[in-house]
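*Asks:*
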Amino acid sequence: MMQNQPLRKLISMNLIWVSLIFSGCQTGVIISESNLSVSDHRKAIVAAIGEARVVSQNGRELSSYFHDLKFKYLEVTPTTKRRYYTKALILGARRPYDVAIEVHIEERDPDTNVFQDVGLDDDLGLVRAKAVREMLNQSRDHTHTIDGTNPF
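Just so we're aligned, residue 4 is where the sequence shown starts under this note's numbering, counting upward by one.
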């Protein structure tokens with residue numbers, strides 16, 4: 004019986020390490036190689052996720068207002084237990100850019116009554132990424148062309 008204890012301890016430690024490694028690999032959804040400008044990306048993202056609650060200083064990271072499972076605006080009340088928000092990141096130093104879409108889940112801690120991030124919802128992230136991709140494609144269809152008769 005004593006000989007199995009070190010083996011059990013080793014197996015349980017390995018399981019903990021493996022679960023930590025895989026839980027740290029949450030990345031959301033990546034839309035690859037979009038040739039639009041950063042401002043066109045921002046416009047497409049705002050059109051897909053709604054008005055941004057938070058925008059980073061360089062304008063490449065946008066977070067939506069809190070929403071529910073159906074992406075409807077969520078008025079946070081004292082009885083709200085779970086809320087979601089979408090975060091979009093424009094990645095890359097120059098074109099083509101990648102866009103990362105993450106839908107974060109926050110749950111209210113009953114002891115402190117404060118919301119805490121509990122992870123990502125990949126299924127909602129796919130839905131949100133599809134909407135952003137559609138807006139990017141629409142932006143691509145409406146690119147600015149040079150007016151040959153009045154170029155300036």
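For each residue, glycine too, the CB sits at the ideal point set by N, CA and C.
If I follow the unbroken alpha helix (DSSP H) through R56, where does it start and stop?
*Replies:* Looking at the DSSP string, R56 is not in any alpha helix (DSSP H); the run it does join, the beta strand (DSSP E), is 55–58.
*Asks:* Identify, in the order they occur along the chain, each residue of the same chain with its Cβ nearer than 8 Å to the Cβ of Y76, setting aside the five sequence neighbours on each side.
*Replies:* G53, Y68, F69, H70.
*Asks:* Under a three-way DSSP split, which group does D91 fall into?
*Replies:* Checking the sequence, you will find Ala at residue 91 rather than Asp. If DSSP states are grouped into helix, strand and coil, A91 belongs with the strands.
*Asks:* Would you give the residue range spanned by the alpha helix (DSSP H) that R45 belongs to?
*Replies:* It spans 41–52 - the alpha helix (DSSP H) in which R45 sits, taken as one unbroken run.
*Asks:* Measure the beta-carbon distance from V135 to I108 and round it to whole angstroms, keeping in mind my assumption that it falls under 8 Å.
*Replies:* Between I108 and V135 the Cβ distance is about 19 Å, and since that is not below 8 Å, they are no contact.
*Asks:* Applying the criterion that 16 or more other CB atoms from any shown protein chain within 10 Å of the CB defines a buried residue, is D126 buried or exposed?
*Replies:* Exposed: under 16 other Cβ atoms inside 10 Å.
*Asks:* Alpha carbon to alpha carbon, what distance is there between V106 and K160?
*Replies:* Here the chain covers residues 4 to 155 and nothing more, so residue 160 does not appear.
*Asks:* If we count the other Cβ atoms within 10 Å of its Cβ and call it buried at 16 or more, is V117 buried or exposed?
*Replies:* Exposed, because fewer than 16 other Cβ atoms sit within 10 Å of the Cβ of V117.
*Asks:* To which residues does DSSP link D112 through a beta bridge?
*Replies:* Looking at the DSSP assignment, D112 forms no beta bridge with any residue, so it has no partner.
*Asks:* When you compare each of L92, A50, Y100 to S157 by their alpha carbons, which one comes out closest?
*Replies:* This structure cannot settle anything about residue 157, because the visible part of the chain is limited to 4 through 155.
*Asks:* From this set, S42, L123, A47, L139, which residue's C-alpha is nearest Y88's C-alpha?
*Replies:* Minimum Cα distance to Y88 is reached at L123.
*Asks:* V58: which of T80, F74, D120, I93 sits nearest, CA to CA?
*Replies:* Checking every option, the nearest Cα to that of V58 belongs to I93.
*Asks:* Check the Cβ-Cβ distances between H107 and every residue of chain B, and say whether any is below 9 Å.
*Replies:* Absent here is chain B; the protein component of the structure consists of one chain.
*Asks:* Would you grab the beta carbon distance between G62 and V41 for me? Rounded to a whole angstrom, and I think it's under 8 Å.
*Replies:* So it is a contact: roughly 7 Å between Cβ atoms.
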